[in-house]
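Per my numbering, residue 29 is the first one in the sequence shown, and the count goes up by one each step.
Backbone N, C-alpha and C define an ideal beta-carbon position, used for all residues, glycine too.
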Amino acid sequence: MFQKLPEDSQASRVFRQGDLSLLIDRKGRRYMLRLEQGKSFHSHIGTLPHSEIIGREHGCRVVTSGGQRLLAIKPTMADFILEMPRIAQVIYPKDVGAIVTYGDIFPGAHVLEAGTGSGALTIALLRAVGENGYITSYDVRPDMMERAEKNIHSFVPGCDNLVLKLGDVYERFEERDLDRVILDLPEPWQVVPLAAEALVPGGIFLSFLP
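Take a look at the structure:
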């Protein structure tokens with residue numbers, strides 16, 4: 029017996045104003061854009077008004093002014109991480125998956141992250157901890173923090189369970205009763221004494237060293 033999907037579930041599969049869309053051409057080239065009425069996508073393969081995508085289902089096919097067919101999909105988290113603007117190298121999806129798994133990041137967890145970078149891992153941590161979890165993320169570079177904030181709020185708009193802090197966790201951090209401490213830093217051993225004081229009993233300290 030087949031059950032009809034609720035209308036709100038069906039509506040969630042339709043592109044709306046302000047959504048991200050990932051366009052893929054037949055050569056596998058990818059173009060990510062945020063949909064806005066009155067704007068157009070411009071490329072060497074032609075022009076495409078955003079209105080041609082808004083209101084249509086994810087996975088629809090559209091055609092540019094140059095006759096090029098494109099597949100329009102909702103970008104996954106991995107898609108966004110690979111395509112998002114960055115200042116420096118990001119943690120790639122395969123490593124993000126390992127960190128979330130080995131770090132055992134669970135819904136409701138309180139996590140301290142250091143080495144925010146462009147925000148790739150932060151996005152994954154936010155999804156893993158859910159609405160009842162909390163992320164505090166540190167970086168020492170203001171430009172990184174600014175870039176990360178834009179990237180994070182582009183993929184996870186309106187998240188109020190994230191605090192971005194400019195600071196050096198080698199020296200100090202104020203957070204306590206943490207479930208996890210996750211680092212992307214060149215000398216993570218410097219943080220071990222501070223992390224030992226900040227983690228709850230049985231908490232996990234995990235460092236990514238590429």
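Leaving aside the five residues that flank Asn-160 on each side, the residues in its chain whose CB is nearer than 7 Å to its CB run, in chain order, Pro-135, Gly-136. The segment 128-160 contains, as complete beta strand (DSSP E) runs of 3+ residues, the segments 138-142 (chain order).
Scanning the segment 74-136 for uninterrupted alpha helix (DSSP H) segments of 4 residues or longer gives 105-111, 121-130, listed from N- to C-terminal end. Per the coordinates, the alpha-carbon of Lys-67 lies some 11 Å from the alpha-carbon of Gln-45.
Here the C-alpha atom of Ile-82 lies approximately 45 Å from the C-alpha atom of Asp-205. Beta-bridge annotation (DSSP): Leu-222 is not paired with any residue.
In the DSSP assignment, His-70 falls within the unbroken beta strand (DSSP E) covering 68-71.
If you look at Phe-183, you'll find it in the alpha helix (DSSP H) that goes 170-183. The residue among Leu-51, Ser-93, Leu-153 with its C-alpha nearest the C-alpha of Arg-208 is Leu-153. Sequence-distant Cβ neighbours of Val-168 in its own chain, meaning closer than 8 Å and more than five residues away, are Leu-194, Gly-195, Asp-196. A Cβ-Cβ contact shorter than 7 Å links Gly-131 with Ile-210.
For Phe-43, there is no enclosing beta strand (DSSP E), as DSSP marks it with neither H nor E. In the DSSP secondary-structure assignment, Phe-201 is not bridged to any residue. In the three-state DSSP reduction, Pro-216 falls in the helix class (H, G or I).
Taking 7 Å as the cut-off, the beta carbon of Leu-63 is found closer than this to the beta carbon of His-78. DSSP places Leu-237 outside any beta strand (DSSP E), giving it a letter other than H or E.
Scanning its chain for C-beta atoms nearer than 8 Å, with the 5 sequence neighbours on each side dropped, one finds around Ile-232 the residues Gly-131, Asp-132, Asp-207, Arg-208, Val-209, in chain order. For Leu-192, the pairing in a beta bridge is given by DSSP as Ser-165.
Nearest C-alpha to Met-112 among Arg-58, His-72, His-138, Arg-97: Arg-58.
In the structure shown, Asp-47 adopts coil according to DSSP, grouped into three states.
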